Structures are given as C-alpha cells and as structure tokens.
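Listed in order, the protein sequences are those of chains A and B.
Residue numbering for the first sequence follows the UniProt record's numbering, beginning at 1 and increasing consecutively.
Residue numbering for the second sequence follows the UniProt record's numbering, beginning at 1 and increasing consecutively.
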Amino acid sequence: MIEFDNVHKQYSDGTQAVNGLSFEVEEGTTTVLVGPSGCGKTTTMQLVNRLEEPTEGTVYYDGTDIQELPATELRRQIGYVIQDIGLFDHMTIAENVATVPELKGWDDDRTDERVDELLDLMGLPPEEYRDSYPGELSGGQQQRVGVARALAAGPDVMLMDEPFGALDPITRENLQDEFLDIQEEIDTTIIFVTHDINEALKMGDKIAMMNDGELVQYDTPSAMLEAPATKFVEDFIGPDRTLKQLRVLQVSEIMRTDVPNEHRDVVEAFDPADTVMADGGELIPVTPSDSAQVALSRCIQAGVRALPVVEDATVIGVVTEEDIRSYHADEIEAASE
Amino acid sequence: MSDLISLLAETWAYLLANSARFFELLREHLTLVFVSEALAIIVAVPLGIAATRNDRVNSIVSGFGNVAQTVPTLAIIALAFPILGLGFLPSVVGLFAYSLLPILTNTIAGIESVSDSTVDAARGMGMTDWEILRKVRLPLALPVIFAGIRTSVVLNVGSAYLAFFIGGGGLGVWVIGGIKLFSTTQLLAGAIPGALLAITLDGLLGLAQRRLGTETASDRTAAAA
C-alpha cells in the first residue's frame with residue numbers, strides 16, 4: 001500500500017531525519033513506527049501525506065510515486081490524527097468532523113449521515129454532541145472527535161501521530177482498546193507513531209523500530225519480542241521482555257479445547273453465572289482474545305492452576321498456568337537454537 | 001461642587017441654545033471617524049494578513065507601524081496639511097493613518113495566535129493555504145482583530161478633535177474655540193459629548209465583540225457553565 005524506497009530526508013538546517021529507509025506498509029494492517037525522540041518516526045509518517053518531501057528516494061502510494069499526486073488531493077485520501085488534536089475551536093463538533101467531506105464537496109445529507117455514524121462509532125451520541133464546541137469536551141472526547149474527523153471521508157490510509165500521547169493513562173487505555181475494535185470494523189491501513197513500546201506492541205500488526213533515522217527492525221510484535229535484531233531493540237523493549245511477550249500472546253494461541261483430566265474439575269465446577277468459589281474468592285474466566293498475561297494474573301489471583309476460557313457464556317476450553325510458562329520456555333529454546 | 005453643577009447647567013443651556021450647530025459638528029465628527037476608520041479597516045486587515053504570510057512584508061509593516069506610533073496625531077495632521085491642503089480630505093487621511101496601527105497589530109497577533117497544531121491538522125487534512133486562511137485562521141483571529149478595531153475607534157474619536165486645526169470641522173471646533181475664548185461652557189459642550197460618544201461606541205463594540213467571543217471555545221464554556 002505504502003512503500004518507502006531508499007528514502008532520505010535532510011532538513012535545511014542539515015539534520016538528517018531519515019536515512020535510507022526502505023520498507024513496505026501492507027494494506028489493511030496497522031504499522032507502528034516506534035523509537036526514541038528524534039529518531040525520525042514523525043518525519044517518516046509525514047513523508048506519506050507530503051507534509052515533508054524526501055530529499056532522496058521515493059515513497060509509493062498504491063504503486064504511484066506520491067510526488068506525482070497533487071498534495072491536497074493526496075491528503076484528502078489520508079486520515080490524519082495528531083497528538084495535539086488540533087480541533088477547530090470555532091466550529092461545532094459536527095462541522096469539525098465534516099471538514100474533509102466538505103472539502104471534497106459531498107452533499108449535505110450524505111455528510112450529515114456520515115457525521116452521525118462516526119460520532120456513534122466513537123461513543124459520542126450525535127444528538128448530544130453534534131452541536132457542541134470542542135471547548136466543552138474533555139481531552140479524551142476531543143481526541144475521539146479527532147479520530148472521527150480523520151475517518152470522515154473513509155480514507156484508505158490513516159496517519160496517527162501519538163494520538164493518545166497527551167491523555168491520562170486510563171483514558172489512553174480506553175481509547176486504545178476502542179480503537180482496536182474500530183480498526184477491525186474499518187479495515188484501513190494505519191501508520192501509527194509512538195515512542196511508547198507498550199502502545200506499539202498493543203496497537204501494531206507490524207512494528208517498525210527506528211533509531212537515528214534508520215529502520216532497525218521491522219517485524220510483528222511477537223517476532224520482535226522473541227528475537228530483537230540488535231542490542232538497541234532489546235534495550236528499547238526493556239528488561240521485562242518476557243512479560244511483554246505474555247501481553248502480546250493471546251489465550252486463543254495456547255488454550256486447550258480438549259480439557260486434560262487434571263483440570264477437568266475447573267471446567268465442570270465453573271458456572272458463568274456464579275463466579276464466586278467455595279473459599280469466597282472469585283474465579284474470573286478469560287476470553288480467547290485476552291492476553292496470556294491476563295490469564296496468568298487471574299490464575300495467581302484466584303490461586304488456581306487453570307482457568308476456563310469462555311466465549312458467548314460457554315466454556316470452550318482451558319488455559320493452564322503450566323502451558324503459559326512452558327510456552328515461554330519453548331520460545332526461548334527456539335530462539336537460542 | 002455647586003460651581004460644577006452650575007457649570008454643567010450652563011453647558012446644557014449652551015447646547016440647547018446652539019443645538020443646530022451642535023448636531024452639525026457632531027455629524028462632521030462622526031463622518032471623520034467613520035470614513036477614516038472604514039478606510040483603516042479596509043487597508044489594515046489585508047495588510048496584516050499579508051504580513052503573516054510574508055516575512056519581508058512583516059518587517060516593513062511592523063517597522064513602519066512602530067515608527068508611526070511614535071509620531072503624535074497632531075504631527076500626522078500637520079504633515080497631511082502641506083500635501084493635501086485644508087479641509088475634510090487631509091483630516092481623514094491623518095486620522096486614517098493613526099487608526100491603522102491597532103488594527104494592523106491585532107490582525108497580525110490574532111492570526112499568529114492560531115495554534116500550530118490547528119494549522120497542522122488543517123494542512124494534513126488537505127486544505128489549501130487559502131482554505132486554511134479563510135476557514136481556520138481568520139475565523140479564529142476574528143475576536144482579536146475586532147478588539148483592535150474597537151481600540152482604534154476609541155482613539156479615533158479623540159484624535160478627530162484635532163481635525164479642527166486643518167479645517168476638518170467636528171467637535172474640536174468648540175473645544176479649541178472654547179480654549180481660545182476662555183469659554184469653559186463652550187469647551188465642555190464640545191468635550192463632554194465626545195467623551196460620551198467614545199464610551200458609547202466602546203460599549204457597543206464591546207457587546208459585539210463579546211458575541212464574537214462566544215464563537216471561541218473558552219468563552220462558550222464559561223457561558224455554558
């Protein structure tokens with residue numbers, strides 16, 4: 001979808017922001033550009049919508065050199081969300097969201113319908129928020145509007161520059177989760193910039209780790225955690241790499257659908273309607289999309305060695321503490337071989 | 001105290017006795033203010049916009065503006081006189097020159113106060129420079145530009161008294177005439193209506209500005225609370 005071919009970017013003050021970047025962002029995936037401040041990740045993202053122009057090399061959009069596409073037309077095909085949100089304070093929420101449809105000359109009915117649809121999607125009831133102004137909203141709500149505005153004209157590509165970076169941790173976490181759900185619905189190619197490795201691991205299908213304007217490693221989150229390409233990647237991930245691996249590992253990947261005898265009692269004794277155990281503690285089941293980290297944490301909390309995996313109020317299998325531990329041991333063996 | 005009351009009573013009597021002349025002077029005064037102010041708005045707003053888009057224009061405009069600010073109004077009017085002669089036109093030119101600066105500086109400040117992130121977002125969504133100016137920068141700068149116009153109008157009402165010196169008419173005729181004739185009543189009959197005029201215009205424009213201000217987020221939040 002988006003391809004960087006030996007792209008260099010040098011600013012007029014001589015700073016080399018991007019140095020020989022080559023990689024391809026696949027259609028329909030979320031690719032996270034991550035790295036320390038000044039690594040060139042934001043510049044890389046802005047090369048896509050021509051807010052920056054490469055000094056050397058080519059960026060392709062759907063196979064076309066973006067230099068051949070008119071900048072404003074290109075930008076109207078690409079959603080853009082920034083950390084500072086940048087809502088237009090003098091316009092209502094509806095007018096803000098309608099910005100790109102209006103630039104594209106959509107008729108009013110189509111625009112209104114689309115605005116309401118997006119406000120619904122972002123959890124802002126249109127009848128309540130349509131005519132509000134940005135100043136009346138909290139930071140989290142404002143960024144919801146920012147995301148809705150970027151999605152308004154159904155862009156093929158979304159660029160998100162630390163979109164949740166200015167929010168408090170709880171709001172950030174909520175918006176990340178919601179955005180993951182929305183992302184499945186909209187199926188757009190997303191380039192997401194962050195300096196937070198945890199956010200990168202959580203949001204990304206692929207992670208492009210950058211340092212000093214160069215691409216250090218381009219991989220899936222689990223592959224990057226299993227085999228950091230360099231010392232830099234390893235350091236950037238941090239000393240709790242194992243725990244992070246558990247965070248990106250989904251229960252569905254390690255659950256057992258045929259329950260081993262030793263854990264049969266866990267499944268049989270479990271009643272989704274009454275999760276309180278005989279000793280007064282609570283056994284909270286996991287879903288297939290929960291992380292192994294959540295499963296392990298709930299095992300420890302409830303003092304059990306296995307947890308039922310529940311989907312649509314039905315037990316579909318178990319995940320055992322032993323499997324979580326040994327999965328990791330297997331990975332380490334595989335990596336060291 | 002009783003002296004003051006009797007003085008005001010005399011002034012009132014003077015106004016009643018010369019009401020036809022008073023309205024003529026008031027009309028002249030208002031015409032001077034509105035014509036010069038309208039011209040100043042027409043010139044200063046586009047010039048301010050140009051200054052924010054071009055560094056060269058900006059340095060010329062700010063340099064000129066700062067020098068102009070230090071020249072007394074009377075001097076501007078005196079300078080207009082040898083070139084344009086006496087009467088209405090040179091008075092309007094003098095007042096126009098003096099009204100430009102507050103509008104110009106506020107236009108520049110208003111446009112530059114629009115946050116970079118807002119402009120970044122607009123550009124990133126595919127607005128052209130012209131669309132950014134028209135849909136984002138100008139509407140957001142409007143309350144600040146309007147505040148400049150308000151300041152300029154109030155200054156202008158005061159400066160228009162000096163038009164008398166080059167035959168521009170206005171309430172200055174009574175004020176300066178009153179000084180020369182040692183007629184406090186005549187002086188006050190010219191000065192008090194001018195002061196009231198300035199206060200009234202300031203209040204009206206203030207109201208209008210507040211309505212504009214509610215178009216911006218901070219004021220609206222306060223109003224909604």
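By construction, the Cβ of each residue, glycine as well, lies at the ideal position given by its N, Cα and C atoms.
Treat the numbers as computed from the prediction; the structure is a model and nothing was measured.
At a cut-off of 8 angstroms, the C-beta of F88 (chain A) has a neighbouring C-beta in chain B. In the displayed model, V286 (chain A) falls within a strand according to three-state DSSP. H8 (chain A) carries a strand assignment under DSSP once its states are collapsed to helix, strand and coil. Each residue's CA atom was taken as its position, placing R149 (chain A) and A98 (chain A) some 7 angstroms apart. In the DSSP annotation of this structure, D177 (chain A) is not part of any beta strand (DSSP E); the continuous alpha helix (DSSP H) holding it starts and ends at 169 to 186.
Per DSSP, L215 (chain A) is not a residue of any alpha helix (DSSP H); the beta strand (DSSP E) it occupies stretches across 214 to 219.
In its chain, beyond the 5 residues on either side, V32, V34, T194, I207 have a beta carbon closer than 6 angstroms to the beta carbon of A200 (chain A). Distance between V318 (chain A) and D219 (chain A), taken at the CA atoms: about 30 angstroms. Contact with chain B is found for D84 (chain A), since one of that chain's Cβ atoms lies less than 8 angstroms from the residue's Cβ. Rounded to whole angstroms, E24 (chain B) and G170 (chain B) show a C-alpha spacing of 8 angstroms. Residues of the segment 123 to 146 of chain B whose Cβ lies closer than 9 angstroms to any Cβ of chain A, in chain order: R123, G124, M125, G126, M127, T128, E131, K135, V136, P139, L140, L142. For R305 (chain A), the closest of A:S289, A:E311, A:E262 by C-alpha to C-alpha distance is A:E262. Distance from the CA atom of N18 (chain B) to the CA atom of Q186 (chain B), rounded to whole angstroms, is 10 angstroms. Around the C-beta of W174 (chain B), 16 or more other C-beta atoms lie within 10 Å, and the residue is accordingly described as buried. When DSSP states are grouped into helix, strand and coil, A152 (chain A) belongs to the coil group. In this structure, Q209 (chain B) and R137 (chain B) do not form a Cβ contact; the two beta carbons are roughly 18 angstroms apart against a cut-off of 8 angstroms. The beta carbon of L296 (chain A) does not come within 8 angstroms of any beta carbon belonging to chain B, so the residue lies off that interface.
The C-alpha of E10 (chain B) lies about 28 angstroms from the C-alpha of L155 (chain B). F192 (chain A) is bridged by DSSP to A:V32, A:M160. Under the 8 angstroms criterion on CB atoms, T200 (chain B) is classed as non-interfacial with respect to chain A. Assignment of beta-bridge partners to E56 (chain A) by DSSP yields A:H8. For the C-beta of V100 (chain A), the chain B residues within less than 8 angstroms are, from N- to C-terminus, M125, G126.
For Y80 (chain A), the nearest CB of chain B lies under 8 angstroms from its own CB, placing it at the interface with that chain.
E27 (chain A) carries a coil assignment under DSSP once its states are collapsed to helix, strand and coil. The criterion of a C-beta distance shorter than 8 angstroms is not satisfied by I182 (chain A) and M158 (chain A).
Shown here, P308 (chain A) sits in a strand according to DSSP, grouped into three states. One alpha carbon belongs to I179 (chain B), the other to L205 (chain B), and they sit about 31 angstroms apart. Of the other Cβ atoms in all chains shown, fewer than 16 fall within 10 Å of the Cβ of G203 (chain B); this residue is therefore exposed. The beta carbon of R114 (chain A) is closer than 7 angstroms to those of P101, A152 in its chain, skipping five residues each way along the sequence. Taking 8 angstroms as the threshold, the shortest C-beta distance from A208 (chain B) to chain A does not fall below it. Membership of G79 (chain A) in the beta strand (DSSP E) is indicated by the continuous run 78 to 82. Secondary structure note for I176 (chain B): its alpha helix (DSSP H) is the uninterrupted segment 172 to 180.
In the same chain as E28 (chain B), and ignoring 5 residues on each side of it, the C-beta atoms closer than 7 angstroms to its own belong to G169, G170, in chain order. Take V81 (chain A), set aside five residues on each side of it, and the residues of its chain with a beta-carbon closer than 6 angstroms to its own are G146, V147, A150, M160, P163, in chain order.
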